[in-house]
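Below is one structure, written out as structure tokens; the observations come after it.
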Amino acid sequence: MNIEQARFNMIEQQIRPWDVLDQGVLGLLAVVRREDFVPPAHRALAFMDIEVPLPEGENMLAPRVEARLLQELQVQRHERVLEIGAGSGFMAALLGHRAQSVVTLEIKETLARLATENLRRAGVGNVPVVNADGAHGYAAEAPFDAILLSGSVAKVPSELLAQLKPGGRLVAIEGDDPIMSAVRYTQGAGGVMRTPLVEINAKRLVGFPETPRFQF
């Protein structure tokens, strides 16, 4: 496989057509080596439009989803970011290149170790991985300029929104299968504003409450 051709095709055929037009994001995807964050057994899947399997029954988001979420978060170089759901560490690496600092939370110890090692090998030094339940955020270092949930939830808890700075953004995938969508919350002077973005389905983040089911 020609790695660089596969990376180019991923960007031009999957990501750009999904309205990811931010040149900073596209340029970053060209230089951060996604294949280094994919388990060796699945390396051939690194640039495909699928969710790549990870240990513990988890997976990486599809490349176009990662890129769209990153674009919608609108991270600036001076900002502090919280990610919930480190996985293999790839999204954390992308965030680390755009932000001043990033904390990424991972509830599963095996994945926390994997993400830590992948980030170390990639030379990303501003992204500590914390083995913790992200459903309550990370109050110890709040407030944050931006928060990203790298997976889906039924609804974003208000506890997380409270950890945003004024003007801060939170991007997540909300809803119940089969109807989910990416949304952006912005902490404004008049309260929190919710903006629907694009329909996306993704695997659930562990530990977040589910939508109550009607019982008859």
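Going by the working numbering, the residue at position 151 of the sequence shown is 182; the numbering climbs one at a time, nothing skipped.
The C-beta atom is built at its ideal place from N, Cα and C for all residues, glycine as well.
Just so it is clear, the structure is predicted and the values come from calculations on it, not from any experiment.
Next on the checklist: Checking 7 angstroms against the spacing of the C-beta atoms, do residue 133 and residue 123 come in under that value?
Outcome noted: yes
Next on the checklist: Taking a contact to mean a Cβ-Cβ separation below 7 angstroms, would you say residue 231 touches residue 112 in this structure?
Outcome noted: no
Item to check | Three-state secondary structure assigned by DSSP to residue 214 | outcome: strand
Item to check | Beta-carbon proximity list for residue 170, same chain, < 7 angstroms, skipping 5 on both sides | outcome: 194
Next on the checklist: Could you give the first and the last residue of the continuous alpha helix (DSSP H) run that contains residue 33?
Outcome noted: Note, residue 33: premise wrong, no alpha helix (DSSP H); not H, not E.
Item to check | Contact check, residue 177 vs residue 160, beta carbons under 7 angstroms | outcome: no
Item to check | Start and end residues, beta strand (DSSP E) containing residue 242 | outcome: Boundaries cannot be given for residue 242, as no beta strand (DSSP E) includes it and DSSP labels it neither H nor E.
Checklist entry - In terms of alpha-carbon separation, which member of 205, 154, 65 and 47 lies closest to residue 119? => result 65
Item to check | Spatial distance of residue 54 from residue 34 (CA atoms) | outcome: 21 angstroms
Checklist entry - Is the Cβ-Cβ distance between residue 157 and residue 143 less than 7 angstroms? => result no
Checklist entry - residue 233 and residue 204: beta carbons closer than 7 angstroms? => result In this structure, residue 204 lies closer than 7 angstroms to residue 233 by Cβ.
Next on the checklist: Can you check which of these residues, 86, 61, 80 and 164, is closest to residue 72 by C-alpha distance?
Outcome noted: Of all alpha-carbon atoms in 86, 61, 80 and 164, the one lying nearest the alpha-carbon of residue 72 is that of 86.
Next on the checklist: Need the endpoints of the alpha helix (DSSP H) that residue 122 sits in, please.
Outcome noted: 121-129
Checklist entry - If you draw a straight line from the alpha carbon of residue 37 to that of residue 52, how long is it in whole angstroms? => result 19 angstroms
Checklist entry - Who are the near neighbours of residue 221 in its chain, counting only those whose CB is closer than 7 angstroms to its CB and skipping five residues on each side? => result A distance below 7 angstroms between beta-carbons, with the five flanking residues on each side excluded, links residue 221 to no residue of its chain.
Checklist entry - Which two residues bound the contiguous alpha helix (DSSP H) that contains residue 94? => result 94-104
Next on the checklist: Checking 7 angstroms against the spacing of the C-beta atoms, do residue 138 and residue 237 come in under that value?
Outcome noted: yes
Checklist entry - Among 240, 68 and 235, which has the Cα closest to the Cα of residue 209? => result Answer by Cα proximity: 235.
Item to check | Beta-carbon contacts of residue 115 that lie in its chain and below 6 angstroms, excluding the five residues immediately before and after | outcome: Hits under 6 angstroms: 136, 165 and 180.
Next on the checklist: Taking 7 angstroms as the limit between beta carbons, can you name the residues of its chain near residue 102, skipping five residues before and five after?
Outcome noted: 51, 53 and 56
Next on the checklist: On the DSSP letters alone, give me the boundaries of the beta strand (DSSP E) that residue 153 sits inside.
Outcome noted: Residue 153 -> no beta strand (DSSP E), and no H or E assigned at all.
Next on the checklist: Just to confirm before moving on: does the CB-CB distance between residue 214 and residue 200 stay below 7 angstroms?
Outcome noted: no
Item to check | Own chain, CB closer than 7 angstroms to residue 242, minus 5 neighbours either side, in chain order | outcome: 185 and 207
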